[in-house]
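According to this note's numbering, the sequence shown holds residues 64 to 261 in order. Virtual Cβ for every residue (Gly too), placed ideally from N, Cα, C. Since we're looking at a predicted model, the values are computed, not measured.
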Amino acid sequence: MPPACLCRQGRRARQQGASRGGPRVVTPAGFSRVEFSRPIDRRHLTARPIRLEATAEERQVLAKRFGLIAIHRLEAEVELVADGEAVNARGRLGADIVQSCAISGDPLPVTLDEPIALRFLPERATEEEEVELEESELDEIPFSGSVFDLGEAVAQSLSLAIDPYATGPNAEQARKDAGLSDEAASGPFAALAALKKK
């Protein structure tokens, strides 16, 4: 069964082992359907953080999945802490991406440095389970059995960190060329209007 998602699901993957002394990375059937798969067995967690780094091939297919021009770097360091049958994951995600300017369409390099706060929860856990956390403090991701996919969760966290309306240095000129007013230029349809003028 493929892992549950925060957003969209992927289609292919590569598996890599964790560093020696870190949580055990497993490769069960079904986890090969995502681009950046790092399955973790909650029964074999350790106190050491786990570091994930996407390969060139994984970055290429993830860029296609998220509509980016390129992903030059994608890495994360995450501490996993068991909480009963659930697992809390906290750490940071770092990425160097190239996306299209929302107005001009020009390549726009962006560096991302985002916190990761996730809670992997068994699917059979009930809604009545008491969790001593503020509401929405952790994004909950259900999983079946004893294995969850940390890599896919990191990939989804990356997708949520991308600003779809980011603009580059040529955006202002593109707005003027498209005849956009200041109000229209700041809206989500500004890119579409600019493209129609080309």
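1) With DSSP as the reference, identify every bridge partner of F99, one or two as the case may be.
2) Does the separation of the CB atoms of P112 and G154 fall below 8 Å?
3) Does the beta-carbon of G231 have 16 or more other beta-carbons within 10 angstroms, so that it is buried, or is it exposed?
4) Please check the pair A218 and E98, which I expect to be a contact at CB under 8 Å, by giving their CB distance rounded to whole angstroms.
5) So, helix, strand or coil for A149, using DSSP?
6) Give the secondary structure of A139 by DSSP, where H, G and I count as helix, E and B as strand, and everything else as coil.
7) Between which two residues does the alpha helix (DSSP H) holding E235 run?
8) Return the chain-ordered list of same chain residues with a C-beta closer than 6 Å to the C-beta of V144, the five sequence neighbours on each side being excluded.
9) For L131, collect the residues of the same chain with a Cβ closer than 7 Å to its Cβ; drop the 5 residues on either side in sequence, then sort them by chain order.
10) For L223, count the other beta carbons within 10 Å of its own beta carbon; 16 or more makes it buried, fewer makes it exposed. Which is it?
11) Does L156 come out as helix, strand or coil in the three-state DSSP assignment?
12) Should the segment 102 to 112 be regarded as contacting the segment 121 to 135, the criterion being three or more beta carbon pairs within less than 8 Å?
13) Can you give the beta carbon distance from I204 to A139, rounded, assuming they're within the 8 Å contact cut?
Answer, in terms of the structure:
1) Position 36 of the sequence shown, counting from 1, holds the residue named residue 99. Answer is none; F99 lacks a bridge partner.
2) By 1-based counting over the sequence shown, the position of residue 112 is 49. By 1-based counting over the sequence shown, the position of residue 154 is 91. Cβ distance < 8 Å, so P112 and G154 count as in contact.
3) Position 168 of the sequence shown holds residue 231. Burial call: buried.
4) Counted from its first residue, the sequence shown places residue 218 at position 155. Counted from its first residue, the sequence shown places residue 98 at position 35. Indeed, because the Cβ distance is near 7 Å, the residues count as touching under 8 Å.
5) In the sequence shown, residue 149 corresponds to position 86, counting from 1. A149 falls in the strand class under three-state DSSP.
6) Sequence index remark: in the sequence shown, residue 139 carries index 76 (1-based). Strand, per DSSP.
7) Here residue 235 corresponds to residue number 172 of the sequence shown, with the count starting at 1. Run containing E235: A234 to A241, per the alpha helix (DSSP H) assignment.
8) As a first step, residue 144 must be located in the sequence shown, where it is residue number 81. Only N151 meet the Cβ criterion.
9) Here residue 131 refers to the residue found at position 68 when the sequence shown is read from its first residue. Only I160, V161 and Q162 meet the Cβ criterion.
10) The count along the sequence shown starts at 1 and reaches residue 223 at position 160. Looking at its Cβ environment, which holds fewer than 16 other Cβ atoms inside 10 Å, L223 is exposed.
11) Against the sequence shown, residue 156 aligns to sequence position 93. If DSSP states are grouped into helix, strand and coil, L156 belongs with the strands.
12) no
13) Position 141 of the sequence shown, counted from the start, is the residue given in the question as residue 204. Position 76 of the sequence shown, counted from the start, is the residue given in the question as residue 139. I204 to A139, Cβ: 15 Å. No contact.
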